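Asks:
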Amino acid sequence: EQVILKASGTPGASIRVTQSITPSEVARNAQLLKTTGGQCTTMRAGDECKLVLAPGTIRPGHTSSGTVLISVQLQ
């Protein structure tokens, strides 16, 4: 797990986060989560999000590839 999104800027400002993950077999097992827990759908200054794969998604010695598109909108 690695932080891939960090909000900074005006305290109190809200950022809307949407994601698209392909292919579907990767999307089924991947989630964009706040480091403090919960889905990463809105962020405020100081929030961090990470991409998390469900345990056992990729077996040892195997790889999986896909595309993650993250869109953010200042509210």
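First residue of the sequence shown? That's 1 in full-length UniProt numbering, and the numbers climb one at a time after it. Heads up, the beta-carbon is just placed ideally off N, CA and C, and yes, glycines get one too. The structure presented is a predicted model; accordingly, all values stated were derived computationally and were not measured.
1) Measuring straight from C-alpha to C-alpha, what distance separates E25 and P60?
2) Beta-carbon within less than 6 Å of T67's beta-carbon, same chain only, minus the 5 sequence neighbours each way: which residues are those?
3) According to DSSP, is S71 part of a helix, a strand, or is it coil?
4) Starting from S20, trace the alpha helix (DSSP H) in both directions and tell me its first and last residue.
5) Can you look up A45 in the DSSP assignment and give me helix, strand or coil?
Replies: The answer reads as follows:
1) As a first step, residue 25 must be located in the sequence shown, where it is residue number 25. As a first step, residue 60 must be located in the sequence shown, where it is residue number 60. Between E25 and P60, the C-alpha separation is close to 17 Å.
2) The residue given as residue 67 occupies position 67 in the sequence shown. So the qualifying residues of the chain are T22.
3) Along the sequence shown, read from residue 1 onward, the residue named residue 71 stands at position 71. In this structure, S71 counts as strand in the three-state DSSP scheme.
4) Locating residue 20 in the sequence shown gives position 20, counting from the first residue. Careful: S20 lies outside any alpha helix (DSSP H), inside the beta strand (DSSP E) at I15 to T22.
5) Counting from one through the sequence shown, the residue named residue 45 turns up at place 45. Reduced to three states, the DSSP call for A45 is coil.
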